[in-house]
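Colleague: The following block contains the structure, expressed as structure tokens.
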Amino acid sequence: MEESNNDRFSERTKNFQKTPDEDESSKRRYNLSVKLRRKKRTLDSAKKRACKTGTIQASGLDGQEILVINEIPTQLVELRPELASTEISDIEKLKILKEIAEGNPPINILSIILATFRSMLAIEQAAPIGIFSNLGIGDLLVRCLGIEYGDIIQKEAAWIICNLLSGPHDYVEMLLKKDLVNHLANAIVFSANEVKEHCIWALSNIAGDCMQYQISLVNYGLVDLLISVITNVPNASLDLKNIVSHCLCILSGCSNYITCDDTQKIIQCVSLLIDIDNDEIHANCLRTLGHISKKENAKVQQVIDSGLFTYVIKGLEYNRNVIVEPCIRIVGNISSGSPAQTQWLLEKDILSVLMNILDNEDIKILKDIFWTISNIAAGTPLQSEILVNHEIFPKVTESLIYPNSIIRKEGSFIIKNLFSLGKNEVKLKMIQMNIIPLITVALKEIDAEMVMNLLQACDSILRLGLNGDEDTSAFVYLFESSGCLNQLEILQNHINEEVSKCAACIVDTYFGAAPNSDLQINYNSEAFQFSQFIN
68 MEESNNDRFS ERTKNFQKTP DEDESSKRRY NLSVKLRRKK RTLDSAKKRA CKTGTIQASG
128 LDGQEILVIN EIPTQLVELR PELASTEISD IEKLKILKEI AEGNPPINIL SIILATFRSM
188 LAIEQAAPIG IFSNLGIGDL LVRCLGIEYG DIIQKEAAWI ICNLLSGPHD YVEMLLKKDL
248 VNHLANAIVF SANEVKEHCI WALSNIAGDC MQYQISLVNY GLVDLLISVI TNVPNASLDL
308 KNIVSHCLCI LSGCSNYITC DDTQKIIQCV SLLIDIDNDE IHANCLRTLG HISKKENAKV
368 QQVIDSGLFT YVIKGLEYNR NVIVEPCIRI VGNISSGSPA QTQWLLEKDI LSVLMNILDN
428 EDIKILKDIF WTISNIAAGT PLQSEILVNH EIFPKVTESL IYPNSIIRKE GSFIIKNLFS
488 LGKNEVKLKM IQMNIIPLIT VALKEIDAEM VMNLLQACDS ILRLGLNGDE DTSAFVYLFE
548 SSGCLNQLEI LQNHINEEVS KCAACIVDTY FGAAPNSDLQ INYNSEAFQF SQFIN
């Protein structure tokens with residue numbers, strides 16, 4: 068298991084294994100980050116969006132924003148009567164409130180002002196984040212995180228900061244320049260549990276802003292801080308544990324850029340949370356393991372060695388896709404690891420587990436199931452033999468004619484890998500299972516990459532005869548009788564030049580007057596190239 072990362076990727080390239088789709092993974096992480104960042108705005112019913120006065124539009128750094136001023140509390144009007152005036156703008160009123168708050172007012176007055184600020188930011192769309200940032204209110208809020216202000220003020224300040232951090236990157240960056248992370252960390256260590264919740268939400272929003280912030284927070288020691296919250300906070304609420312699991316999930320998105328020691332800390336934190344009987348926490352823990360197990364063999368091995376895979380197996384048997392989806396992603400990541408890691412999966416009877424969920428109608432889950440199987444098919448000859456001999460395989464071949472094109476394409480990778488890398492016995496068994504008629508139907512696809520996968524499979528089948536291992540005429544007959552030859556001839560006029568060239572090469576090589584065993588069809592994953600080598 069001590070192979071280098073470069074060795075791992077060269078092995079994958081040679082064996083046709085596919086790493087997790089980076090665009091897909093990034094999209095999932097982004098969607099989760101957005102969900103987390105926006106959730107803070109609407110989580111608590113105390114955040115009312117109703118307003119009793121008009122609204123104005125003002126420009127922030129990100130275009131038009133809406134400033135909603137609720138009815139000014141009487142205590143504040145008594146301090147500054149102009150707040151009740153209809154002749155001054157809402158922005159002027161906001162400046163007055165900021166001025167009062169910065170003048171060291173009594174705690175009860177400061178609390179009322181912060182609650183008023185919070186209500187202004189509670190709207191779903193076009194919240195005045197830029198207006199608050201441009202007025203410099205962030206300095207006041209960061210200062211109010213200090214323990215000398217007490218839990219009520221700290222909670223209000225952290226809550227407002229959460230909402231400001233759900234805005235665009237420029238606003239997040241402005242707040243970070245105010246030593247925000249240190250203030251949040253201190254509040255987590257020394258303040259009440261409810262304050263801890265809001266501060267961890269705020270750090271989660273920072274992590275959700277960009278990958279660089281995730282890396283910086285891990286290097287800062289945030290994972291250690293989260294572990295201490297789970298292990299040392301007495302009577303930690305379910306909400307607090309849930310927020311920790313969200314934060315951990317976002318942080319783990321940078322797992323490719325942190326050390327194995329930091330990864331081990333994240334796994335330790337997951338192990339403290341994953342037994343909690345709560346679907347959201349459980350899903351976050353599994354997503355975290357999915358992020359960790361992506362790409363690096365060493366980190367895949369850390370997940371294997373953690374003993375947490377039992378939760379993955381149980382999760383695959385769960386009836387909620389929010390749990391199944393991260394579980395199948397973990398399995399797929401392991402399958403794209405080293406041959407030994409793929410074999411470890413097979414020894415866990417993963418094929419039987421996958422067979423039981425093939426009726427899932429979620430396309431993302433099905434795609435990951437067939438992606439996993441394609442990686443197994445790209446493994447060692449023994450692994451491809453195990454796959455073809457398993458009772459799941461007839462259902463796997465049917466993926467070529469599945470109603471959804473995404474699944475059909477994944478199926479084409481499985482067939483290509485098996486015919487390109489499997490032993491002759493495996494190839495012959497697939498032929499006996501009537502794979503050629505399924506390939507014939509699938510060759511009608513428009514997608515050039517899928518067609519090329521299947522053409523490569525056709526070439527491998529027919530080459531069995533040319534190499535003297537089997538009777539060529541038997542394969543020629545199967546191609547003719549199934550209509551596959553006819554489809555190959557049609558593909559010679561395909562709109563994609565490389566597909567048409569490949570189809571023509573196959574027809575000329577195997578169905579010409581004299582089959583030519585010297586003709587080699589060279590497949591390249593980035594650009595399909597074909598050349599003829601004459602001995």
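Under the working numbering, think of the first position of the sequence shown as 68, with each following residue one higher. Ideal placement from N, C-alpha and C gives every residue a C-beta, glycine not left out.
What is the DSSP secondary structure of Ile424, reduced to helix, strand or coil?
Modeller: coil
Colleague: Taking Cβ to Cβ, would you say Lys568 is nearer than 8 Å to Met517?
Modeller: no
Colleague: Helix, strand or coil for Ile133 per DSSP?
Modeller: strand
Colleague: Got a sec, what are the start and stop residues for the alpha helix (DSSP H) Arg185 sits in?
Modeller: Ile174 to Met187
Colleague: Is there contact between the segment 386 to 393 and the segment 407 to 422, where contact requires at least three CB pairs shorter than 8 Å?
Modeller: no
Colleague: Rank Cys229, Leu164, Ala303 and Met241 by C-alpha distance to the C-alpha of Ala259 and give the top, closest one.
Modeller: Answer by Cα proximity: Ala303.
Colleague: Output needed for Lys165: all residues of its chain with C-beta closer than 7 Å, excluding positions within five of it in sequence on either side, in chain order.
Modeller: For Lys165, where only same-chain residues beyond five positions count, the Cβ hits under 7 Å are Leu202, Ile204 and Leu207.
Colleague: Looking at Ser472 and the ligand FMN, is the gap between the Cβ and the nearest heavy atom below 7 Å?
Modeller: Questions concerning the ligand FMN fall outside what the structure shown contains, since it holds no ligand whatsoever.
Colleague: Just mark His236 as buried or exposed, buried being the case when its beta carbon has 16 or more other beta carbons within 10 Å.
Modeller: exposed
Colleague: Using the C-alpha atoms, what's the distance from Ser283 back to Tyr324?
Modeller: 10 Å
Colleague: Is the beta carbon of Val337 less than 8 Å from the beta carbon of Cys352?
Modeller: yes
Colleague: Leaving out the 5 sequence neighbours to the left and right, which residues in its chain are closer than 6 Å to Leu522 when beta-carbon positions are compared?
Modeller: Cys569
Colleague: Can you check which of these residues, Tyr238, Leu495, Ile228 and Ile482, is closest to Val510 by C-alpha distance?
Modeller: Sequence check: residue 510 is Leu here, not Val. Checking every option, the nearest Cα to that of Leu510 belongs to Ile482.
Colleague: Tell me whether Glu428 is buried or exposed, calling it buried when 16 or more other Cβ atoms sit within 10 Å of its Cβ.
Modeller: exposed
Colleague: Is Met187 buried or exposed, if buried means 16 or more other CB atoms sit within 10 Å of its CB?
Modeller: buried
Colleague: Please say whether His349 and Ile359 have beta carbons closer to each other than 8 Å?
Modeller: no
Colleague: Between Ser373 and Ile317, is the Cβ-Cβ spacing less than 8 Å?
Modeller: No, the pair does not count as a contact, with Cβ atoms beyond the cut-off.
Colleague: Hey, how far is the Cα of Leu161 from the Cα of Glu169?
Modeller: 12 Å
Colleague: Does DSSP put Val370 in a helix, a strand or coil?
Modeller: helix
Colleague: If contacts are defined as beta-carbon pairs under 8 Å, then Ile255 and Ile267 qualify, I think. What distance do you get, rounded to the angstrom?
Modeller: 7 Å
Colleague: Would you kindly check if the distance between the Cβ of Asp346 and the Cβ of Val389 is under 8 Å?
Modeller: yes
Colleague: Alpha helix (DSSP H) containing Pro448: first to last residue?
Modeller: First-last of the alpha helix (DSSP H) with Pro448: Pro448 to Asn456.
Colleague: Which one of Gln281, Tyr216 and Leu467 has the shortest CA to CA distance from His250?
Modeller: Tyr216
Colleague: Going by DSSP in three states, Met241 sits in which element: helix, strand or coil?
Modeller: helix
Colleague: Using C-beta distances below 7 Å, list every residue in its chain close to Leu412, excluding the 5 sequence neighbours before and after it, in chain order.
Modeller: Val398, Ile401 and Ser402
Colleague: With distances taken between CB atoms, is the gap from Ala664 to Ile506 smaller than 8 Å?
Modeller: Residue 664 lies beyond the stretch modelled for the chain, which goes from 68 to 602, so this question has no answer here.
Colleague: Skipping 5 residues on each side, what residues in its chain have a beta carbon closer than 8 Å to that of Ile179?
Modeller: Pro140, Gln142 and Leu143
Colleague: State the Cα-Cα distance for the pair Pro229 and His265, rounded to the nearest angstrom.
Modeller: Before going on, a small fix: residue 229 reads as Cys here, not Pro. So the alpha carbons of these two residues sit roughly 7 Å apart.
Colleague: With DSSP collapsed to three states, give me the class of Pro140.
Modeller: coil
Colleague: Run the CB neighbour count on Leu103, radius 10 Å, all protein chains shown included, and call it buried at 16 or more, exposed below.
Modeller: Note that Leu103 scores a pLDDT of 47, beneath 50, so its modelled location is shaky and nothing firm can be said.
Colleague: According to DSSP, simplified to helix, strand and coil, what is Ser258?
Modeller: The three-state secondary structure of Ser258, taken from DSSP, is coil.
Colleague: Using the C-alpha atoms, what's the distance from Val300 back to Ala189?
Modeller: 29 Å
Colleague: Roughly how many whole angstroms lie between the Cα atoms of Leu488 and Ile562?
Modeller: 29 Å
Colleague: To the nearest angstrom, how far is it from the Cα of Trp226 to the Cα of Asp306?
Modeller: Each residue's CA atom was taken as its position, placing Trp226 and Asp306 some 15 Å apart.
Colleague: Please report how far the alpha carbon of Lys263 lies from the alpha carbon of Val285, in whole angstroms.
Modeller: 18 Å
Colleague: Apply the 10 Å Cβ neighbour rule to Ile174 and answer buried if 16 or more other Cβ atoms are within range, or exposed otherwise.
Modeller: exposed
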